[in-house]
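Asker: Chains as they are written, first to last, in my numbering: chain B, 1 to 100; chain S, 1001 to 1340.
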């Protein structure tokens, strides 16, 4: 399983990106990530989550999960994220910030 | 978008003066929603005092989200309260005060809605949240991630930028995508910078024209977040990447990210403003700022493009200083120099 995480927008307008080979994560992180994917019900989310008014300086997210030849990309603006997605987004943001 | 009101504005004004609280608010919303209201603002401000919608005094409230995503959070400082032990609370309080003072003293504007609305801020939003935003009703500030960003209340131009987004909502309401979105961002950078310059009493020549120069952690290779004078030069750092802003229309960035690059292509109108400000000289809020403010409040529309912004600022300069005035010519040249 691969996850591609991209964040754009925000006050700084800076891009944050991470590409993760999920199976190569340490076991504890792997477990946590699977938990978060389940919790967020990622595979049942609509492909676009936009708020009716686009608000200034909010983040824009693009999360792609590639698993067994299945690819799913969810694009979401920060103010349209359902609460069950917050922990996954927080985890992916922290992963993207980790020095490589 | 133009609203065609069945109820004429003179009746709405009478309701505002004489109705009960509910009726006043409803009539007021209708009045201010209509296109007429932008041109009639001077008339509205002459309405009798005692319609307590109109107040000239600051009303600030600061909340603490305590690292949650719930807004507004717990009330921690009101207008009459003493300073807090929490620096973020005081910075949000002081910064929104300085922004209010700027717009009131320079342009006679009472708060971001012209009607003395309360300025609400929430601090400590989220966990290591590296952002600040205006959510349509209030300011929200994160603490930064502690590696690249410090807390976002630490910079007056950031506070001014976010509150200007609120102001824009009540004025041109520039749509947050494409060129109109870049103009929205640019006006927020412009007036955020002017709030800072006004506070520090800096002329256009003395100012550093950097947005967010105070929110980076030590060791980050960044002059600031964006440079209005030299877009594209604010940072070049292994963690941040390189400042992607263009300084000229030939380098306009076509992208689907960030609403079509609203934080990127804002570099073009930013530089136009900077060029006008340094060429006119003196305090930038007194000349270039005045031209921009008039265009923003009276002319720009939701879907305005860069070309339209040029025409409207040139038009505003002509109205304020006269046709073919030095200021009007300089406005046209500033846009021409960035390729518009």
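Positions of the beta carbon are idealized from the N, C-alpha and C atoms, including for glycine.
1. Whose C-beta lies closer than 6 Å to the C-beta of residue 1041 of chain S among residues of the same chain, with five residues either side of it excluded?
2. Between residue 1285 of chain S and residue 1106 of chain S, is the Cβ-Cβ spacing less than 8 Å?
3. Could you name the residues that DSSP lists as bridge partners for residue 1197 of chain S?
4. Quick one: list the residues of chain B neighbouring residue 1145 of chain S, beta-carbon separation under 8 Å, in chain order.
5. Alpha carbons only, please: which of S/1159, S/1098, S/1104 and S/1103 is nearest the one belonging to residue 1123 of chain S?
6. Report yes if the C-beta distance between residue 957 of chain S and residue 1334 of chain S is below 8 Å; otherwise report no.
7. DSSP on residue 1252 of chain S, reduced to helix/strand/coil?
8. In terms of residues, what are the limits of the alpha helix (DSSP H) holding residue 1330 of chain S?
9. Spatial neighbours of residue 57 of chain B within its chain, please: CB distance less than 8 Å, with the 5 preceding and 5 following residues excluded, ordered by chain position.
10. By Cβ distance below 7 Å, which residues in the same chain neighbour residue 84 of chain B in space, the five residues on each side in sequence not counted?
11. Going by beta carbon distance, what residues of the same chain come within less than 8 Å of residue 90 of chain B, once the five residues before and after it are set aside?
12. For residue 1162 of chain S, which residues in chain B fall below 9 Å Cβ to Cβ?
13. Taking only runs of the alpha helix (DSSP H) that begin and end inside the region 1074 to 1142 of chain S, which ones reach a length of at least 4 residues, in chain order?
14. Counting only C-beta atoms, is residue 1217 of chain S closer than 8 Å to chain B at any point?
15. Whose C-beta lies closer than 6 Å to the C-beta of residue 1093 of chain S among residues of the same chain, with five residues either side of it excluded?
16. Can you list the alpha helix (DSSP H) stretches of 4 or more residues lying completely in the region 1280 to 1316 of chain S, in chain order?
17. Give the C-beta separation of residue 1199 of chain S and residue 1213 of chain S to the nearest angstrom, bearing in mind that I take them to be a contact with Cβ-Cβ under 8 Å.
18. Give me the residue from S/1291, S/1130 and S/1156 with the minimum Cα distance to residue 1098 of chain S.
19. Nearer than 7 Å: is that true of the beta carbon of residue 1231 of chain S relative to any heavy atom of the ligand ATP?
20. Could you have a look at residue 1261 of chain S and say whether DSSP puts it in helix, strand or coil?
21. Please state if the CB of residue 1270 of chain S and the CB of residue 1327 of chain S are separated by a distance shorter than 8 Å.
22. Hey, how far is the Cα of residue 1044 of chain S from the Cα of residue 45 of chain B?
23. Roughly how many whole angstroms lie between the Cα atoms of residue 1322 of chain S and residue 52 of chain B?
24. Between the region 1202 to 1218 of chain S and the region 1243 to 1259 of chain S, are three or more C-beta pairs nearer than 8 Å?
25. What residue range does the beta strand (DSSP E) around residue 19 of chain B cover?
26. Quick one, which of B/3, B/2, B/14 and B/18 has its alpha-carbon nearest residue 94 of chain B's?
27. Determine the DSSP secondary structure at residue 1059 of chain S, reduced to helix, strand or coil.
28. Can you check DSSP and say which residues form a bridge with residue 1237 of chain S?
29. What's the C-alpha gap between residue 1071 of chain S and residue 62 of chain B?
30. So, at 7 Å on beta carbons, what are the nonlocal neighbours of residue 1227 of chain S in its own chain, with the 5 sequence-adjacent residues on each side left out?
31. Applying a beta-carbon distance threshold of less than 7 Å, which residues of chain B neighbour residue 1276 of chain S?
32. Quick check on the burial criterion: 16 or more other C-beta atoms within 10 angstroms. Buried or exposed for residue 71 of chain B?
33. Run through DSSP, which three-state label would residue 1229 of chain S get?
34. Between the Cα of residue 1073 of chain S and the Cα atoms of S/1104, S/1308, S/1260 and S/1140, which residue gives the shortest distance?
35. Counting only C-beta atoms, is residue 1034 of chain S closer than 8 Å to chain B at any point?
36. With residue 1320 of chain S and residue 1340 of chain S assumed to form a contact (beta carbons below 8 Å), what rounded beta-carbon distance in angstroms separates them?
Answerer: Put simply:
1. Summary for residue 1041 of chain S: the model assigns pLDDT 46, below 50, so the residue's position carries little reliability; its value from the coordinates is reported in the next sentence. Excluding sequence neighbours, residue 1041 of chain S sits near nothing in its chain.
2. yes
3. Looking at the DSSP assignment, residue 1197 of chain S forms no beta bridge with any residue, so it has no partner.
4. 97
5. S/1159
6. Here chain S covers residues 1001 to 1340 and nothing more, so residue 957 of chain S does not appear.
7. For residue 1252 of chain S, the secondary structure class from DSSP, reduced to helix, strand or coil, is coil.
8. 1326 to 1337
9. For residue 57 of chain B, same chain residues with a beta-carbon under 8 Å away, outside a window of 5 residues either side, are 9, 10 and 11 in chain order.
10. 39, 40 and 41
11. Within the same chain, residue 90 of chain B has no close Cβ partners at all.
12. 11, 56 and 57
13. 1087 to 1107
14. no
15. 1060, 1062 and 1077
16. 1288 to 1298
17. In fact, because the Cβ distance is near 14 Å, the residues do not count as touching under 8 Å.
18. S/1156
19. The ligand ATP is not among the ligands present in this structure, which contains no ligands whatsoever.
20. helix
21. no
22. Note on residue 1044 of chain S: pLDDT 45, under 50, position unreliable in the model; no value is reported.
23. Each residue's Cα considered, the two are about 42 Å apart.
24. Using a Cβ-Cβ distance cut-off of 8 Å, the region 1202 to 1218 of chain S and the region 1243 to 1259 of chain S are not in contact, since fewer than three pairs of beta carbons, one from each stretch, lie closer than that value.
25. 16 to 21
26. When each option's Cα is compared against that of residue 94 of chain B, the closest is B/18.
27. coil
28. S/1241
29. 24 Å
30. 1209, 1210, 1233 and 1234
31. Neighbours of residue 1276 of chain S on chain B: none; closest Cβ ~23 Å, over 7 Å.
32. Under a 10 Å Cβ-count criterion, residue 71 of chain B is classified as exposed, with fewer than 16 other Cβ atoms of the shown protein chains found around its own Cβ.
33. coil
34. Of S/1104, S/1308, S/1260 and S/1140, the residue nearest in Cα terms is S/1140.
35. Residue placement at residue 1034 of chain S is poorly supported in this model, since its pLDDT is 45, which falls under 50; the coordinates still yield a value, given next. Residue 1034 of chain S does not count as touching chain B.
36. Their Cβ separation, rounded to whole angstroms, is 20 Å, which puts residue 1320 of chain S and residue 1340 of chain S out of contact at 8 Å.
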